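Residue numbers (the numbering used here): 39 to 366.
As structure tokens, then:
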């Protein structure tokens with residue numbers, strides 16, 4: 039994602055954007071045979087964040103300072119790309135929207151850079167016995183999120199010989215509040231309606247006009263037929279299968295249908311892990327320390343937790359026909 043945002047910036051034909059800068063016949067062949075990471079799911083997450091627009095990052099992308107930076111970048115880019123020079127007068131909001139997309143892509147890449155290291159450290163902690171329970175996992179993730187909370191989120195591109203800031207340090211965007219929590223909101227909770235499980239016909243009114251009421255995120259996909267077309271986490275399962283550690287693979291083989299439903303079991307594990315991340319994010323953003331003995335602070339924490347509990351209590355089982363025995 040970081041490569042795409044920095045090296046495929048305002049590229050009108052980014053046909054090699056998924057190759058991460060390594061363009062070779064062998065890698066292109068693997069890509070065409072789908073022996074690759076599904077960047078489509080990463081783009082789904084980015085589009086969900088961009089569309090739902092929660093948190094400080096979205097507020098900055100709609101600000102006047104950002105608009106001024108976009109104008110300077112577009113002015114410089116038009117001088118070296120005739121196609122963009124033609125497009126911009128005809129569609130003046132097109133290029134600024136592409137810059138917003140690139141900014142969200144880069145911010146998401148920075149978020150996943152932190153989370154990747156955090157999960158690698160979590161795996162090491164599990165192997166050494168430091169982590170042995172779900173509570174330990176949640177606490178480990180919370181500590182990691184809090185440690186990275188103040189990490190600045192910045193982004194700049196080079197056009198010709200000039201350096202242009204898109205997310206400058208002056209915007210004061212940080213990891214936890216401006217990217218991690220909006221990611222949980224947009225991807226884990228809200229998401230986008232699952233194709234094939236809900237009608238997009240406006241007359242059917244199966245999709246709420248209020249985006250805040252959406253419950254199509256990764257945390258709510260579990261009642262649905264995992265690996266079915268249109269269920270977004272399904273795009274991630276093959277990635278995890280390709281990179282599955284042998285010890286975990288053996289654990290899956292010994293349960294239910296063994297290799298036959300391994301991707302379904304991976305999806306269940308993934309969603310459980312995402313609940314742990316969500317729990318860690320909630321604990322890390324409590325208004326007061328969880329160990330506080332002050333009654334007022336405890337009440338504030340309980341009210342904060344109750345709001346999240348209400349969000350997490352929703353389900354997508356309405357997509358299934360309980361009367362037909364599907365849930366039985």
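Where a beta carbon is used, it is the ideal one built from N, C-alpha and C, also for glycine.
Please read all numbers here as calculations on a predicted model, not as lab measurements.
Rounded to whole angstroms, what is the Cα-Cα separation between residue i and residue j?
{"i": "residue 326", "j": "residue 77", "result": "38 Å"}
{"i": "residue 111", "j": "residue 298", "result": "51 Å"}
{"i": "residue 159", "j": "residue 152", "result": "11 Å"}
{"i": "residue 154", "j": "residue 304", "result": "17 Å"}
{"i": "residue 57", "j": "residue 135", "result": "24 Å"}
{"i": "residue 301", "j": "residue 81", "result": "21 Å"}
{"i": "residue 322", "j": "residue 43", "result": "29 Å"}
{"i": "residue 105", "j": "residue 84", "result": "20 Å"}
{"i": "residue 342", "j": "residue 324", "result": "7 Å"}
{"i": "residue 70", "j": "residue 245", "result": "35 Å"}
{"i": "residue 351", "j": "residue 251", "result": "13 Å"}
{"i": "residue 204", "j": "residue 192", "result": "8 Å"}
Between the beta-carbon of residue i and the beta-carbon of residue j, is there less than 8 Å?
{"i": "residue 88", "j": "residue 139", "result": "yes"}
{"i": "residue 52", "j": "residue 121", "result": "no"}
{"i": "residue 337", "j": "residue 229", "result": "no"}
{"i": "residue 202", "j": "residue 107", "result": "yes"}
Which residues in the same chain have their Cβ closer than 6 Å to the Cβ of residue i, if we skip the five residues on either side of it in sequence?
{"i": "residue 268", "result": "Annotation note: pLDDT 46 at residue 268 (below 50); position unreliable, no value reported."}
{"i": "residue 316", "result": "222 and 226"}
{"i": "residue 156", "result": "182"}
{"i": "residue 186", "result": "152 and 213"}
{"i": "residue 75", "result": "277"}
Label residue i either buried or exposed according to how many other C-beta atoms from any shown protein chain fall within 10 Å of its C-beta, with 16 as the threshold for buried.
{"i": "residue 148", "result": "buried"}
{"i": "residue 198", "result": "exposed"}
{"i": "residue 169", "result": "buried"}
{"i": "residue 129", "result": "exposed"}
{"i": "residue 238", "result": "exposed"}
{"i": "residue 296", "result": "exposed"}
Would you mind working out which of the options sits nearest residue i, comparing C-alpha positions?
{"i": "residue 92", "options": "223, 184 and 287", "result": "223"}
{"i": "residue 310", "options": "74, 328, 63 and 172", "result": "172"}
{"i": "residue 209", "options": "225, 275, 343 and 99", "result": "99"}
{"i": "residue 320", "options": "180, 351 and 294", "result": "180"}
{"i": "residue 256", "options": "313, 291, 212 and 296", "result": "313"}
Looking only at its own chain, which residues have a Cβ that is under 8 Å from the Cβ of residue i, when we skip the five neighbours before and after it?
{"i": "residue 114", "result": "197, 198, 200 and 202"}
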